[in-house]
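The listed protein sequences correspond, in order, to chains A and B.
Counting the first sequence from 1 gives a position; the working numbering is that position plus 5.
Counting the second sequence from 1 gives a position; the working numbering is that position plus 2.
See structure below.
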Amino acid sequence: MVALDTPPPAVEPRRDLKRRKASTNYAGPFTYALLVVVLLASVFPLYFSFVVASKDNSVLGEAVPPLTPGGHLIENITRVFDTVDFSLAMANSLIVAGTVAISNVLLGTLAGFAFARLRFRGRNSLFLVVIGTSMVPAQLGVIPLYLLMSDLDWYGTLQAVIVPALIGAFSVFWMRQACEESVPHELVEAARVDGCSVLRTFWHVALPAVRPQAAVMGMFAFMAAWNDFFWPLIVLDPNDSPTVQVALSALASGYYTDYSLMLAGASLAVLPVVAIFILLSRQIVGGIMQGALKG
Amino acid sequence: MALETTSPPSPVGDRDKRWLLARLDGKYTPYLVIAPFFLVFGAFGLYPLLYTAWVSLHDWQLVDGDQGFTGLDNYATLLGDANFWNALFNTLSLFVLSTVPQLLAALGLAAVLDRGLRGRTFWRAGVLLPNVISVAAVALVFAQLYGRDFGIVNHLLGLVGIDPVDWRAETWASHLAISSIVMWRWTGYNALIYLAAMQSVPRDMYEASMIDGASRWRTFWAITVPSIRPTILFTVITSTIGGLQLFVEPQLFDPGGTATGTGGSDRQFQTLVMYLYEKGFRLFDAGYAATIAWVLFLVVLVVAGINFSVARRIASKG
């Protein structure tokens, strides 16, 4: 986690000092102490999950709960793979989340580009509709959605999870914002005047300009699809076509609760997302805060 | 991009055709490229939601299909169904217990993060971390933390002389425990949303208030909170829509009970979406499950409306 830290601004110490003096709004030791407590609370459940995953189950019955890792991590992970088809689940989750991420980037940027840089009748009202859809509790339509999937013969197949997630309102909203910021008007005009079609303008002008934002958006879509639980639980077959989250719930539904096993699975399930988060934390934090301002 | 600047001399008809194509392209392609969103939302979002109302008017079995129109029978049964009222109570209780403290804590945390901190990104990332973790994994960890015999929470309570709590057996204990999971996941996220809004409040407004001798506490309620009112309203609405559809946290809180989805032996923490899941996908009564979904939809509309007006009033005072 050290990599996350921004180094203190060592370049201009004098200016920093001045700013701190002038502002009544600086942080004292109490503030930092409070933040350390919050941070520990954030990290502890993850750390504890790893601790339990590395312990023999019998240790969990002792009077004092364990706080340091033990030596059974590999053994417990092996048991996870023996109990459920976790490698299939991992592969499925990769396919689902990867496809959903790529598709949201492409379709989201296309639509975002149109809303930001093309002129067409009804543009503003259609964009309001896009924003409005994110307020619709679509989860409540789950019964007909399931009926639709069985009519299509998609029960237990990955496309039942992928297709409804191919493009979301958030991606359109986000990529429109990115295009507003980063795609120069003049360049689009020039390309159009020179006879570039809309799609070629998108591909050669818009997409290269918004690559950084598109990457972050893709990661958001990946994480959301990787973590999705409710719909995969319903439409996938836990034995035949599980995603990681569905496999996790299968681990948890045994007759007796084997916490080492469960939390070894949970640790594996969160690993890719935590890795992405650590690598891209600056962009992810910035993305959420920017989205909030413009929303 | 190999763009032609001078087109080669071509017959007039050909040029007309290209001009026409370009015009059609400019006019219709925008609709073509925004169409996927509307198609996907229409087919997998809006249509199922509306069709839910139609299914709820039938005796409809998940596997065997439509067994005939029954009008409002499902609704009449629902109103007399003790399990429904129980689930509605649990849903509202969990919603209030998790949302109200969560948004207040998020406001406080945002105010702390708004100080001139060193290592800003580090702290922000730290509070956001819980939000990116899969809720299924989180629920399993907390199930262990809240274990009756060997859980850490009971161990800590024991250190200060409080008897172990059976977090799954009792209604209030289970609601508190599940709310804490929701809070853990969402407080940091909402804090960052508030923080973003706070940073666009002009600094001189604070300075002026401080010079006038107002305390930090007073400044916060008199200036900060009213300034970020739209953002607060936004989070209240999104938390309402999400919170009333609570499912995974309570569903996995009782690891042994996941197969049934009843939320504890006495349904003490079964939410409406869990009841929907139980009826629809464990007992295959699609018509009744659709009725629960549609009633929950109305509940979401009503509660969101109430919260919107309450939050608007509170946030504009100060």
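Glycine is no exception: its CB is placed at the ideal position from the N, C-alpha and C atoms.
Source: prediction; values computed, not measured.
Note to self: Just verifying my parser: in three-state terms, what is the DSSP assignment at GLY263 of chain B?
What the structure shows: coil
Note to self: Would you call the region 92-107 of chain A in contact with the region 70-80 of chain A, where contact means no fewer than 3 C-beta pairs closer than 8 angstroms?
What the structure shows: no
Item checked: Beta carbon proximity, THR104 of chain A to chain B, threshold 8 angstroms -> Cβ-Cβ to chain B under 8 angstroms: no for THR104 of chain A.
Note to self: On a Cα-Cα basis, can you pick out the residue from B:ILE316, B:ASN85 and B:VAL184 that is closest to VAL134 of chain B?
What the structure shows: B:VAL184
Next item on the list: Following the continuous alpha helix (DSSP H) through PHE118 of chain A, name the residue where it begins and the one where it ends.
Entry: 91-122
Notebook entry, point to check: In its own chain, which residues sit with a C-beta less than 7 angstroms from the C-beta of ASP16 of chain B, not counting the 5 before and 5 after it?
Noted result: none
Notebook entry, point to check: Does the Cβ of TRP21 of chain B have 16 or more other Cβ atoms within 10 Å, making it buried, or fewer, making it exposed?
Noted result: exposed
Item checked: Own chain residues within Cβ distance below 6 angstroms of GLY137 of chain A, not counting five before or after -> none
Check: Taking only beta-carbon atoms, is MET95 of chain A less than 8 angstroms away from chain B?
Finding: no
Margin query: So VAL290 of chain A contacts chain B; which residues on that side make the cut at Cβ distance below 7 angstroms?
Written below: Under the 7 angstroms cutoff, chain B gives THR123, ARG126, ALA127, LEU130 and LEU194.
Margin query: In the DSSP output, which residue or residues are listed as bridge partners for PHE71 of chain B?
Written below: B:HIS60
Item checked: PRO50 of chain B at chain D interface by Cβ criterion, 8 angstroms -> Here the protein chains are A and B, and chain D is not one of them.
Check: The alpha helix (DSSP H) with SER63 of chain A in it runs from where to where?
Finding: Per DSSP, SER63 of chain A belongs to no alpha helix (DSSP H) and is neither H nor E.
Next item on the list: For PHE53 of chain A, return the contacting residues in chain B, with the cut-off set at a CB-CB distance below 9 angstroms.
Entry: VAL143, GLN146, LEU147 and ILE154
Margin query: Using 8 angstroms as the cut-off, can you tell me whether the region 46-65 of chain B makes contact with the region 238-246 of chain B, which would need three or more C-beta pairs spanning the two stretches below that distance?
Written below: no
Item checked: Start-to-end residues for the alpha helix (DSSP H) that takes in GLN201 of chain B -> From DSSP, GLN201 of chain B is part of no alpha helix (DSSP H); its letter is neither H nor E.
Next item on the list: Answer yes or no: does any C-beta atom of chain A fall closer than 8 angstroms to that of ASP27 of chain B?
Entry: With a threshold of 8 angstroms between beta carbons, ASP27 of chain B makes contact with chain A.
Notebook entry, point to check: Do three or more CB pairs link the region 275-283 of chain B to the region 118-137 of chain B at distances below 8 angstroms?
Noted result: no
Check: With 8 angstroms set as the bound, which would you pick, yes or no: does the beta-carbon of PRO189 of chain A sit closer than that to a beta-carbon of chain B?
Finding: no
Notebook entry, point to check: Which two residues bound the contiguous alpha helix (DSSP H) that contains GLN270 of chain B?
Noted result: For GLN270 of chain B, no alpha helix (DSSP H) run applies, since DSSP gives it neither H nor E.
Notebook entry, point to check: Considering only C-alpha positions, which residue in the set A:LEU163, A:ILE283, A:ALA220 and A:GLU186 is nearest to SER246 of chain A?
Noted result: A:LEU163
Check: Which residue spans inside the region 74-159 of chain B form an unbroken alpha helix (DSSP H) run of at least 4?
Finding: 75-81, 84-115, 122-134 and 137-147
Checklist line | Segment limits, alpha helix (DSSP H) that includes ASP206 of chain B | finding: 205-213
Notebook entry, point to check: Candidates A:PRO277, A:VAL279 and A:LEU266: which alpha carbon is nearest ASP87 of chain A's?
Noted result: A:LEU266
Notebook entry, point to check: How about the region 280-291 of chain A and the region 214-230 of chain A: do they share at least three Cβ pairs that are nearer than 8 angstroms?
Noted result: Touching, yes, given that three or more Cβ pairs across the two stretches are closer than 8 angstroms.
Note to self: Under DSSP, the alpha helix (DSSP H) around CYS331 of chain A begins and ends at which residues?
What the structure shows: Since the first residue of chain A shown is 6 and the last is 300, residue 331 of chain A is not available in this structure.
Check: Leaving out the 5 sequence neighbours to the left and right, which residues in its chain are closer than 6 angstroms to ASN309 of chain B when beta-carbon positions are compared?
Finding: VAL238 and THR242
Margin query: Check whether chain B comes within 8 angstroms of ALA220 of chain A, counting only Cβ atoms and requiring the distance to be less than that.
Written below: no
Next item on the list: Starting from TYR77 of chain B, find everything on chain A with Cβ-Cβ shorter than 8 angstroms and list it in chain order.
Entry: Result: empty, since nearest Cβ-Cβ is about 15 angstroms, beyond 8 angstroms.
Next item on the list: Just confirm the distance between the C-beta atoms of PRO252 of chain B and GLY244 of chain B, as a whole number of angstroms; I'd bet it's less than 8 angstroms.
Entry: Your pair PRO252 of chain B and GLY244 of chain B does not check out as a contact, with CB atoms roughly 14 angstroms apart and the cut at 8 angstroms.
Margin query: Using only the alpha-carbon positions, how far apart do THR173 of chain B and VAL177 of chain A sit?
Written below: 42 angstroms
Notebook entry, point to check: According to the neighbour-count rule (16 or more other Cβ atoms, all chains shown, within 10 Å of its Cβ), is ALA220 of chain A buried or exposed?
Noted result: Burial call: exposed.
Check: Can you tell which of A:ARG181, A:TYR37, A:LEU72 and A:ASP263 has the C-alpha that lies nearest to the C-alpha of ILE82 of chain A?
Finding: Relative to ILE82 of chain A, the option among A:ARG181, A:TYR37, A:LEU72 and A:ASP263 whose CA is nearest is A:ASP263.
Margin query: So, under 8 angstroms CB-CB, LEU235 of chain B and ALA313 of chain B are touching, yes? Tell me the CB distance rounded to an integer number of Å.
Written below: 6 angstroms between Cβ atoms; contact.
Margin query: Less than 8 angstroms between CB atoms is the rule here; does SER246 of chain A satisfy it with respect to chain B?
Written below: no
Checklist line | Reduced DSSP category for ASP287 of chain B - H, G, I as helix; E, B as strand; rest coil | finding: strand
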